[in-house]
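Step one of this worksheet: look at the structure below.
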Amino acid sequence: MTLIAEVIINEHVEMTLTMVKQYHEFLLSHLVSPFSLLINKVNAYTYDFDAQVNLATLK
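In the numbering used here, the protein residues as written are 533 to 591.
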């Protein structure tokens, strides 16, 4: 069975590398692989460059 987690980021947040690392740690400690993510784009937010580069590196 694959779990699905919905992710909602608050309005006007700029995700940093530190925040992405915390996000990854949270996912790995609360979900069992394999899992899927539903990224809810209801709010406007951005990523700094380092966060963008590391966003898809969940290990």
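We put the CB at the ideal spot given by N, CA and C, even for glycine.
Quick one: using the 10 Å Cβ neighbour count with 16 as the cut-off for buried, is residue i buried or exposed?
{"i": "isoleucine 541", "result": "buried"}
{"i": "valine 552", "result": "buried"}
Could you work out which residue in the options is closest to residue i when comparing CA atoms only?
{"i": "leucine 587", "options": "Thr548, Asn575 and Ser568", "result": "Thr548"}
{"i": "glutamate 543", "options": "Phe567, Asn575, Pro566 and Glu557", "result": "Asn575"}
{"i": "methionine 533", "options": "Ser568, Gln554, Gln584 and Tyr577", "result": "Ser568"}
Write down the C-beta distance between residue i and residue j rounded to the nearest angstrom, noting that I regard them as a contact closer than 8 Å.
{"i": "leucine 559", "j": "leucine 590", "result": "7 Å"}
{"i": "glutamate 538", "j": "leucine 570", "result": "5 Å"}
{"i": "glutamate 546", "j": "aspartate 580", "result": "6 Å"}
Going by DSSP, name the residue or residues bridged to residue i.
{"i": "threonine 578", "result": "Glu546"}
{"i": "serine 625", "result": "Outside the shown range of the chain (533 to 591) lies residue 625, about which nothing can therefore be said."}
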